[in-house]
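Below is one structure, written out as structure tokens, with a few remarks after it.
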Amino acid sequence: MLKNITVSSAPHVSKPLSTRGVMLDVIIGLAPAMLAASYYFRIHAIVLIATCVVSCAGTEWLCNLIRKKSNSLDDLSAVVTGIILAFSLPPALPVWAAIIGSVFCIAIGKMVFGGLGANIFNPAMVGRTFLTASFGMLMTTWMVPATIDAEVRTIAADNTVDARTQATPLAYSKQALKARTGAEAVNEQLGAAFTGEIGGCLGETSALALIAGVVYLLIRRTINFHIPLAVLLSAFAFGSVTYLIDSESSISPLTHLCSGGLLMCAFFIATDPVTAPLTRRGMWVFGIGVGAITMLIRIVGEYPEGVMYSVLLMNAVTPLIDRFYKRIPAGGKASG
Amino acid sequence: MVVALTGKHTFPGGIHPPQKKALTRDSQIQPGPAAKQISVLLGQHIGAICQPLVKKGDAVEAGQRIGDCDAFVSAPVHSPVSGKVKEIGLRSHAVLGRAQAITIEADENSPEKQPSFQVPADFDLSKYSAEQICEASRAGGLVGMGGAGFPTRVKLEPNPQMPKDNLIINGCECEPYITCDYRIMLEWTSQIIAGLRLAKKASGCSQAFIAIEDNKPKAIEVVRAALESSGNPDQVKVIAVKTKYPQGGERQLIKAVLKKSVPSGSIPPMIGVVVLNVATAAALAEAVIVDVPLTHRVVTVTGEPVVRPGNYYVPIGTSVGDLIEFCGGVTQSAAKVVLGGPMMGIAIADLETPTTKTTNAVTILTKEQIGRAKFDRRETPCIRCGRCLEVCPENLNPTRIAHAVKHDLLDVAERYYMSACMECGCCSYVCPANIEITGFIKTGKIFVARQKKRMA
Numbered sequence: 001m002l003k004n005i006t007v008s009s010a011p012h013v014s015k016p017l018s019t020r021g022v023m024l025d026v027i028i029g030l031a032p033a034m035l036a037a038s039y040y041f042r043i044h045a046i047v048l049i050a051t052c053v054v055s056c057a058g059t060e061w062l063c064n065l066i067r068k069k070s071n072s073l074d075d076l077s078a079v080v081t082g083i084i085l086a087f088s089l090p091p092a093l094p095v096w097a098a099i100i101g102s103v104f105c106i107a108i109g110k111m112v113f114g115g116l117g118a119n120i121f122n123p124a125m126v127g128r129t130f131l132t133a134s135f136g137m138l139m140t141t142w143m144v145p146a147t148i149d150a151e152v153r154t155i156a157a158d159n160t161v162d163a164r165t166q167a168t169p170l171a172y173s174k175q176a177l178k179a180r181t182g183a184e185a186v187n188e189q190l191g192a193a194f195t196g197e198i199g200g201c202l203g204e205t206s207a208l209a210l211i212a213g214v215v216y217l218l219i220r221r222t223i224n225f226h227i228p229l230a231v232l233l234s235a236f237a238f239g240s241v242t243y244l245i246d247s248e249s250s251i252s253p254l255t256h257l258c259s260g261g262l263l264m265c266a267f268f269i270a271t272d273p274v275t276a277p278l279t280r281r282g283m284w285v286f287g288i289g290v291g292a293i294t295m296l297i298r299i300v301g302e303y304p305e306g307v308m309y310s311v312l313l314m315n316a317v318t319p320l321i322d323r324f325y326k327r328i329p330a331g332g333k334a335s336g
Numbered sequence: 001m002v003v004a005l006t007g008k009h010t011f012p013g014g015i016h017p018p019q020k021k022a023l024t025r026d027s028q029i030q031p032g033p034a035a036k037q038i039s040v041l042l043g044q045h046i047g048a049i050c051q052p053l054v055k056k057g058d059a060v061e062a063g064q065r066i067g068d069c070d071a072f073v074s075a076p077v078h079s080p081v082s083g084k085v086k087e088i089g090l091r092s093h094a095v096l097g098r099a100q101a102i103t104i105e106a107d108e109n110s111p112e113k114q115p116s117f118q119v120p121a122d123f124d125l126s127k128y129s130a131e132q133i134c135e136a137s138r139a140g141g142l143v144g145m146g147g148a149g150f151p152t153r154v155k156l157e158p159n160p161q162m163p164k165d166n167l168i169i170n171g172c173e174c175e176p177y178i179t180c181d182y183r184i185m186l187e188w189t190s191q192i193i194a195g196l197r198l199a200k201k202a203s204g205c206s207q208a209f210i211a212i213e214d215n216k217p218k219a220i221e222v223v224r225a226a227l228e229s230s231g232n233p234d235q236v237k238v239i240a241v242k243t244k245y246p247q248g249g250e251r252q253l254i255k256a257v258l259k260k261s262v263p264s265g266s267i268p269p270m271i272g273v274v275v276l277n278v279a280t281a282a283a284l285a286e287a288v289i290v291d292v293p294l295t296h297r298v299v300t301v302t303g304e305p306v307v308r309p310g311n312y313y314v315p316i317g318t319s320v321g322d323l324i325e326f327c328g329g330v331t332q333s334a335a336k337v338v339l340g341g342p343m344m345g346i347a348i349a350d351l352e353t354p355t356t357k358t359t360n361a362v363t364i365l366t367k368e369q370i371g372r373a374k375f376d377r378r379e380t381p382c383i384r385c386g387r388c389l390e391v392c393p394e395n396l397n398p399t400r401i402a403h404a405v406k407h408d409l410l411d412v413a414e415r416y417y418m419s420a421c422m423e424c425g426c427c428s429y430v431c432p433a434n435i436e437i438t439g440f441i442k443t444g445k446i447f448v449a450r451q452k453k454r455m456a
């Protein structure tokens, strides 16, 4: 009866919610994009996602073993990192490169900081940056989706090598920018960029699938709308300005939003809670920064895509943002 | 008078825990156990602890003052039974750990106080002066019965530096499980209204409100009807507030009803607001009109394991164990006995712990009700998801404060306004990493208090 009663600090009830549940929600949110990737890139997508997930999880397990810490795989955060890393890789990337990237992103991006919650930079983006720096050629070879008929003319298609490859819309827009003409051809690809029937990173290509996933996360309140909205608004504003100045060489802001990793970043990468600010105002600043830097790199910089660098740069200033936008208590600062 | 049954009035933040009020919502206030032995704690309120006025072996009468103190912020304690002082010694205290208590052994023929006080038909407010009401509230040992136990006299007493203009009677009862205030509103409506009028007169407030959460439409209706039938000479407004925890916190209530913020480090009287719990208002009417001190209160004994959960009129000082036994004991294996509700209540280890003036409920929880979270899951690292920031009704950064305390950085914790925390527990409730955020903050506050004491 009333034996063995326990005591603890209030509150004595809690919401049935766990970190694992949060991560599971994110995985479900990523599922539509996973399906889209498997549809467009077939076996390449499945192999890449499986490789990244398994090697991320394996690295985390090994790091915990070395650090003599308890196993932390059950929080599923390594799985999320693996999927996001796979999503940001070109479909034709060799498996060994994906393994190197996964090991680097978990070991250097996360575990050396102390594991989940302690990392400063988004682990997946750390891994991708490492791969881009190390294997530049592999990281910019884009496969044509398997659904596209070989006879159909796609932009800048190159059918001479083994796998059919093509330039991504963003790479092409870069050429347009340099040639000061031809942006129109990229804008015509907007429909394909929206459904995903276009060359690009695994998970980034289908805007539709990403939007479906984020709607789920927003309904489940797993993420707030602040960061995604801030990223998209600032990127859209930036893109509109350049489009209005010169529509011959600049692609339309909508094409910007649907191309490359911008949606993926706005929905799943910038919203990584560990590396984003805590306060609402901080989230706005962070999101606007991510959007603006991405566009700056796309339009002014040398790279066609700037998502990973913009996220990493904003991750670096997140502690500053948090310090700057401190919350003021409802009753104001105490007088005494 | 038309009163909306759904409230738009609310505050930012807050949570919606399962209410569980159906267990005792329809249980009328019944007489509680006639305990053989009562332990009246000498510190049941915020402020100076009382000194005993009786000695071991003395005979005491029901209602006799047995402990008091000269300090302004304090309240005397009275014996709820007639009998003999058996012992003056340490007893478990829910807040203080262990504290002095006067243990009284009740006589065989000790009168049993019934919850029968009715406001007489000839009740005339003009018969009582403001000073009389304040004096009676002090003499009756009245303290805030909603949980904090702030002496009522200190709240009411007019202060030329802080003129009061708004009186809010708090009928929110936002904690899950508890229904004693709800029953009081239904059954003691006239007492509450009399108490409100007395409090309004004593404090000099110009406006009065009764705030009730909109999950109690029946209470809103009953109070409204009672006010209407009495002609409502004081123009009391009934306000339906949104059902959300911690709506009954006075700072949140003031925000919802008056759209005002109480400055951090201040208490409501400093901005001219007096908040009284409905039980306190009813007790005030009793203390002033028939001069009966606060010796009994309604306690909700609840929780799924309790055989006969309900609302009982209990002599203050009855041990929790006696109370549970009176309710038929428990059926399943209980995991926790909590004084108060599950959000802010205090888990006790000693069933001999006496009830106090602020014990509004004894909630018994099993593992299942507590949720698997607190038992099966370990604490995982903070993923900075920001849920605690979203639910914090005081707009703090709970995770930052908690982690500062965890790493012994009390100065950082204070820079993040640790002292503004009211310990409502919303942050711990939502935390997916299962971190005892509220617990860390409470610990931090205690450390800071100790530091200050050492420096003084």
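Quick note, the sequences are listed as chains A and B, same order. First residue of the first sequence: 1, per the working numbering; consecutive thereafter. First residue of the second sequence: 1, per the working numbering; consecutive thereafter. We treat Cβ as the ideally placed atom computed from N, Cα and C, and that holds for glycine. These numbers come from a predicted model, not from an experiment.
Cβ-based neighbour list, residue i, same chain, cut-off 8 Å, excluding 5 preceding and 5 following
i	result
Lys21/B	Pro176, Tyr177, Ile178, Thr179, Tyr182 and Asn215
Proximal residues to residue i (C-beta, below 6 Å), its chain only, five neighbours per side dropped
i	result
Ser234/A	Ile288, Gly291 and Ala292
Cys426/B	Ile15 and Val391
Leu23/B	Thr302 and Pro309
Phe104/A	Gly127 and Phe130
Pro158/B	Gly204
Leu312/A	Phe121 and Met125
Pro115/B	Ile29 and Tyr313
Phe227/B	The residue you asked about is not Phe; residue 227/B is Leu in the sequence shown. Contacts found: Val236.
Contacting residues, own chain, Cβ-Cβ under 7 Å from residue i (five flanking each side not counted)
i	result
Ala335/B	Leu365, Thr366, Lys367 and Ile370
Ala97/A	Leu131, Phe135 and Leu138
Val152/A	Confidence is the limiting factor: at Val152/A the pLDDT is only 49, short of 50, which leaves the residue's position unreliable and the question unanswerable from this model.
Thr318/A	Thr275, Ala276, Pro277 and Phe286
Thr271/A	Ile223, Ile227 and Pro228
Local conformation of residue i per DSSP, three classes
i	result
Ile120/A	coil
Thr103/B	strand
Tyr429/B	helix
Leu461/B	Residue numbering for chain B in the displayed model covers 1 to 456; residue 461/B lies beyond these limits and cannot be assessed.
Pro151/B	strand
Val214/A	helix
Thr292/B	Per the sequence shown, residue 292/B should be read as Val rather than Thr. Here Val292/B sits in coil by DSSP.
Val311/A	helix
Met143/A	strand
Val317/A	helix
His474/B	No statement about residue 474/B is possible, as the shown extent of chain B runs from 1 to 456 and does not include it.
Asn187/A	helix
Thr342/A	Nothing about residue 342/A can be read from this structure; chain A reaches only from 1 to 336.
Residue-chain proximity (residue i, chain D), Cβ-Cβ < 8 Å
i	result
Gly115/A	Looking at the structure shown, chain D is missing, and the protein chains on hand are A and B.
Those residues which DSSP pairs with residue i across a bridge
i	result
Gly89/B	Ala101/B
Tyr245/B	Ile15/B
Asn166/B	Gln207/B and Val273/B
Pro354/B	Ser319/B
Thr366/B	Per DSSP, none; premise fails for Thr366/B.
Gly171/B	Ile212/B
His9/B	Val241/B
Ile346/B	Leu339/B
Ala361/B	Thr300/B
Val143/B	Pro151/B
Practice task
Can you give me, in chain order, the residues of the stretch 273 to 291 of chain A that have a beta carbon less than 9 Å from any beta carbon in chain B?
Solution key: Pro273, Val274, Thr275, Ala276, Pro277, Leu278, Thr279, Arg280 and Met283
Problem - Contact list for the stretch 33 to 55 of chain A against chain B, Cβ threshold 8 Å - result: none
Handout entry: Every unbroken beta strand (DSSP E) inside the stretch 28 to 86 of chain B [3 residues or more]
Key = 29 to 31, 37 to 41 and 65 to 68
Exercise for the section: Please go through the stretch 298 to 335 of chain B and give each complete beta strand (DSSP E) segment of 3 or more residues, from N-terminal end onward. Expected result: List check, beta strand (DSSP E) in window: 310 to 315.
Practice task
Output, in sequence order along the chain, the residues in the stretch 63 to 95 of chain A whose CB is closer than 7 Å to any CB in chain B.
Solution key: Contacts with chain B (Cβ-Cβ distance below 7 Å) from the stretch 63 to 95 of chain A involve Asp75, listed in chain order.
Practice task
Give the residues from the stretch 414 to 425 of chain B that approach chain A closer than 9 Å (Cβ to any Cβ), ordered along the chain.
Solution key: Arg415, Tyr416, Tyr417, Ser419, Ala420, Cys421, Glu423, Cys424 and Gly425
Problem - Complete runs of the alpha helix (DSSP H) confined to the stretch 234 to 301 of chain A [at least 4 residues] - result: Within the stretch 234 to 301 of chain A, the runs of alpha helix (DSSP H) that reach at least 4 residues and sit entirely inside it are, in chain order, 253 to 258 and 280 to 299.
Exercise for the section: Determine which residues of the stretch 119 to 133 of chain A have a Cβ less than 9 Å from any Cβ of chain B, and write them out in chain order. Expected result: none
Problem - Start-end ranges of the alpha helix (DSSP H) lying completely within the stretch 43 to 122 of chain A, minimum 4 residues - result: 43 to 66, 77 to 87 and 95 to 107
Handout entry: Residues of the stretch 438 to 452 of chain B with Cβ closer than 8 Å to any Cβ of chain A, in chain order
Key = Thr438, Gly439 and Lys442
Exercise for the section: Name, going along the chain, the residues of the stretch 255 to 272 of chain A whose beta-carbon falls closer than 7 Å to a beta-carbon of chain B. Expected result: none
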